[in-house]
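Protein chains in written order, with my numbering: chain A, 997 to 1587; chain B, 997 to 1587.
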């Protein structure tokens, strides 16, 4: 029996990989075998000691194996540049970038973000847990650390039809996987506080796996907050004020300071951070749109902004690396030390956080802000169609006038909450119709999964379209097709156009599609490059502006009108929702 | 189907307890049900925020459920006293206190220590994993948080006979238990560094369970340290200098600052702690003797001493509570916040760390330094005899003179290392004998488990006994019987006396036992109160002093002479060990 056979024999019943891995790395650490790469003359940002020290770093088998002089196949002199661990985004929805994981990685790796913890909440609403697996598979062999928190609230409410329903039992298999670190933002805080069995079951199942439950509880305070925390919710990324964040921190929550594309809370929340509580804080992006990802980046932008606001650079980097790594935990990630994966960011300048090179698992993946050729796995994954509509006709969008006054969803600029207004509606041949002169347009949500033929109909004020329709298959959180228009024909054409693209965004005018952006991955994401998506969006915005719309991001405004957890008046495929009363209400009449 | 049946049904496949627990606590947190206890007017030491805040704390079902006003069955006005989370000892060997867990808890609870993470390394050398289970069972229903790290190195070496051998497979069942948090101090650092398969197997098995591997690597540095860390060893409690601790901290190790009875490193190591690295540091006692436990306490003593040395009290308390709780982790322990177990220490004075009351899981267990009646489970557990000797006679201790010069173990005062000396030995009738006039005495280690009849024989210098013998069944780490004496008859009588007591400490003079302390639990621990053990030790020390011994703690000195991992010359049941060469050597001659 050889030495190797003996080890295998004695390992019976234990996982084989780990021991092999340990055994493999030790000779490098001892300096007995040539390491792959030695980075000399670094100014190492040590997130353990909280110091910056001159250091040489030896890398082998994708891991840091030691500090100091080592025999190496390749030596790279960093000439005194700073070296930070790769950055970690502790909470994001990759779907919001409108591209898949590979393309997301291509965008974010040059920004020094080597790890994201994502909650595939959006694709899960479309395709269930299968969507989560497909997202992961779509990543291919791209060198990027992808961790997942399982969506906790699919569908978001019972007042809509989503593509999937996820119960605790559906999460069980995934929960056992290593890349899954727990249960994602528990938005259903009333469910937690009122002890909803299905909600508690998801929490206890996660805890039984020794994994984390992330929170989402905007404004929750006092005894209700205590109940939410006592139930085991560990973090929150929805704080908007210093006082709110302090109350949550004091009661034991980890505070995820969010700087997204729309929700930007860093400037306010960074005020709570002190050296004695910093290890309970981290950064997240939540939702970042293509243009922001390209221009600002992600967590690097948080670090930069926090330092500009006066936070100690080492604390800012602890919050962006070791703190989230310890919170979830993400073993072997988040620091530069023996045994840790060699995810490294070389900085030209610490205070400006100007990045020159990025390594993932010891491999140079980006240089000078650009991804290197061959890094991203280009293997094409065919997206399956998730838009299934029965035949769509203009007649389906007709509203019979059942009264003179109707409820109208009124947009509030820059906000996702709406106002419930009552207006006289224009009628024509017994039908209630749009009245662009008063900016009262028709809105509809068309169920797109099960062929139910459900169409929720209503009125909306705030888009300013003079003629035509715009539609989208991105409609939080169920992602049915939402459409706003001045007439039934244009609305039907827009919805039809979305179906033809297998999902996407569209603008229709004078019987013609004036601009569109196909999003064939679940109706949420493109299979093109993030730059093309960004350009496509710009073109769409331009066309919609020409149609009279004054909103800066009309499709985003549109996407939140179907989210029946945000007050006051919303619309789903089942009809108009009075969010305050949490029920479907009739379109006509004041009540 | 009732509501409860429904929940049970929907829970199929998930652990029942957790969800019940969450559901039970929520109504209290919301203030809908009267809590058990409300502590008002506390100055809460908040280890999350790093602040001290005026607060009221509501407790129900043994847990903190919320802050502020709550309807309560009982209200206790703390009148502005400080309130700290219960203290945590991150590494100790309870056996060193010479009492079982119940009695240990009785001693340490009034000191505010509500949680210990113990490594039952000593009893495991005597009884294997069964000893670990018996220790836990012996605790009964005593309200004390006992966590365990499994002994990694039993026996310590191959040069001795221990009561048990523990291989990776023997640890598997225990490793799955919740109270077991990982693998205890990996003393066999050469084994790690050289890739010993059995050692790596223990490490990888622990990691596969997602649990911790504690370290023990005095003085290890540079590339060997890197290899040890890269193999997955997470902590070290053996640092003695600031530089050593800094090197280990910088490379990612958690630093356990030790303040034991003999090894006292706090004063030196506290210098490394800064606000930016404090969350990587904690306190441990390792080994504390009965008198010190009674007089000084444990982790409370560390906190007190650290604060006297200028450490911020809040940082000191973070190191004594939340830091170890997060390291292992010990969920629901280490802080005062909703959902956390209500382990609380009420302080009369923060800076002097003067304790008035201690709560464990919401129950008052100690008041004014005294344990409350009924707290400790008094159910007697019968100890089984672990001392199994064949008939012992004086003849067995005879040493045939095979030369004029012999190797002599020379004690070095206050240290556990020894000197390997060569001396002329006195001979009589062809036998080498003790020569008390030159303080050269005989020493023997008698195997006590398997009836092998193994007796290792040698000479020792430093005890100063003029007449008689002393013996002990506490002899690190195999805990055979070790005896030092001026003559064979006294030595045989002492060993016989130990066997009669089923283990313990003994002094023999003029054919009579002058003092003894029975340690029937594994030959290591008493079943009496810790005060009686302390008194018994004092009496023994007094008697041994009368016999001419000048050592302050003769039995402790004795106990380390059988530990063949500490240089230079030691003795086991297999003979004299040259530790530098790591082999058994002949007694006579210079080599």
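Note that beta-carbon positions come from the ideal geometry of N, C-alpha and C, so glycine has one too. Remember, it's a predicted structure, so these values are computed and weren't measured experimentally.
query                                                                                                                                                         : result
How would you call residue 1041 (chain A), buried or exposed, if buried means at least 16 neighbouring beta carbons within 10 angstroms?                      : buried
If you follow the beta strand (DSSP E) that residue 1329 (chain A) is part of, which residue opens it and which one closes it?                                : No beta strand (DSSP E) holds residue 1329 (chain A); DSSP gives it neither H nor E.
Any contact of the stretch 1477-1489 of chain B with the stretch 1120-1140 of chain B, i.e. 3+ C-beta pairs under 8 Å?                                        : no
Rounded to whole angstroms, what's the CA-CA distance from residue 1434 (chain A) to residue 1544 (chain A)? Just pull it up for me.                          : 13 Å
Consider the Cβ of residue 1029 (chain A): report whether some Cβ of chain B lies at a distance smaller than 8 Å.                                             : no
Identify whether residue 1316 (chain A) lies in helix, strand or coil by the three-state DSSP scheme.                                                         : helix
Considering just the uninterrupted stretch of the beta strand (DSSP E) at residue 1419 (chain A), what are its terminal residues?                             : 1414-1420
Helix, strand or coil: how does DSSP classify residue 1229 (chain A) here?                                                                                    : coil
To the nearest angstrom, how far is it from the Cα of residue 1103 (chain B) to the Cα of residue 1308 (chain B)?                                             : 27 Å
Helix, strand or coil: which one does DSSP assign to residue 1576 (chain A)?                                                                                  : coil
Using a Cβ cut-off of 8 Å (strictly closer), state whether residue 1386 (chain B) contacts chain A.                                                           : no
With DSSP as the reference, identify every bridge partner of residue 1166 (chain B), one or two as the case may be.                                           : BP columns for residue 1166 (chain B) are empty, so no partner.
Among B:1446, B:1349, B:1458 and B:1070, which has the Cα closest to the Cα of residue 1557 (chain B)?                                                        : B:1458
Let me see if you follow: with CB-CB separation under 8 Å, is residue 1181 (chain A) close to chain B or not?                                                 : no
Runs of 3 residues minimum, wholly inside the stretch 1227-1284 of chain A: which ones carry the beta strand (DSSP E) assignment?                             : 1250-1254 and 1277-1280
For residue 1090 (chain B), is the beta carbon positioned less than 7 Å from some heavy atom of the ligand HEM?                                               : As presented, the structure is devoid of all ligands, the ligand HEM included, so that no description of it is given.
How would you label residue 1115 (chain A), buried or exposed, when you count the other beta carbons within 10 angstroms and need 16 or more for buried?      : buried
Given that residue 1191 (chain A) touches chain B, what residues does it touch there, using C-beta distances under 7 Å?                                       : 1019 and 1022
Nearest by alpha-carbon distance to residue 1394 (chain B): which of B:1068, B:1411 and B:1454 is it?                                                         : B:1454
What does the alpha-carbon distance come out to for the pair residue 1213 (chain A) and residue 1291 (chain B)?                                               : 48 Å
DSSP three-state label for residue 1185 (chain B), please.                                                                                                    : helix
Which residues mark the beginning and the end of the beta strand (DSSP E) in which residue 1051 (chain B) is found?                                           : 1047-1056
Can the beta-carbon of residue 1358 (chain B) be found less than 8 Å from the beta-carbon of residue 1058 (chain B)?                                          : yes
Near residue 1371 (chain A), which residues of its chain fall below 6 Å by C-beta distance, leaving aside the five closest residues on each side in sequence? : 1361
Does residue 1347 (chain B) pass the burial test, meaning 16 or more other C-beta atoms within 10 Å, or should it be called exposed?                          : exposed
For a cutoff of 8 Å on Cβ pairs, would you count residue 1574 (chain B) as touching chain A?                                                                  : no
How many angstroms separate the CA atom of residue 1456 (chain A) from the CA atom of residue 1046 (chain A)?                                                 : 53 Å
How big is the Cα-Cα spacing for residue 1569 (chain A) and residue 1559 (chain A)?                                                                           : 11 Å
Give, in chain order, every residue of the stretch 1030-1052 of chain B whose Cβ lies closer than 8 Å to some Cβ of chain A.                                  : 1042, 1044, 1045, 1046, 1047 and 1049
Quick one: grab the DSSP three-state call for residue 1038 (chain A).                                                                                         : strand
In the structure shown, what three-state DSSP assignment does residue 1372 (chain B) receive?                                                                 : coil
For chain B, is any of its Cβ atoms less than 8 Å away from the one on residue 1063 (chain A)?                                                                : yes
Look at the Cβ atom of residue 1402 (chain A), then the Cβ atom of residue 1584 (chain A), and state whether they are nearer than 8 Å.                        : yes
State the Cα-Cα distance for the pair residue 1257 (chain A) and residue 1180 (chain B), rounded to the nearest angstrom.                                     : 47 Å
Of the choices B:1239, B:1276, B:1286 and B:1280, whose alpha-carbon is the least far from that of residue 1253 (chain B)?                                    : B:1280
Specify, as a first and last residue, the run of the beta strand (DSSP E) that residue 1501 (chain A) falls within.                                           : 1500-1505
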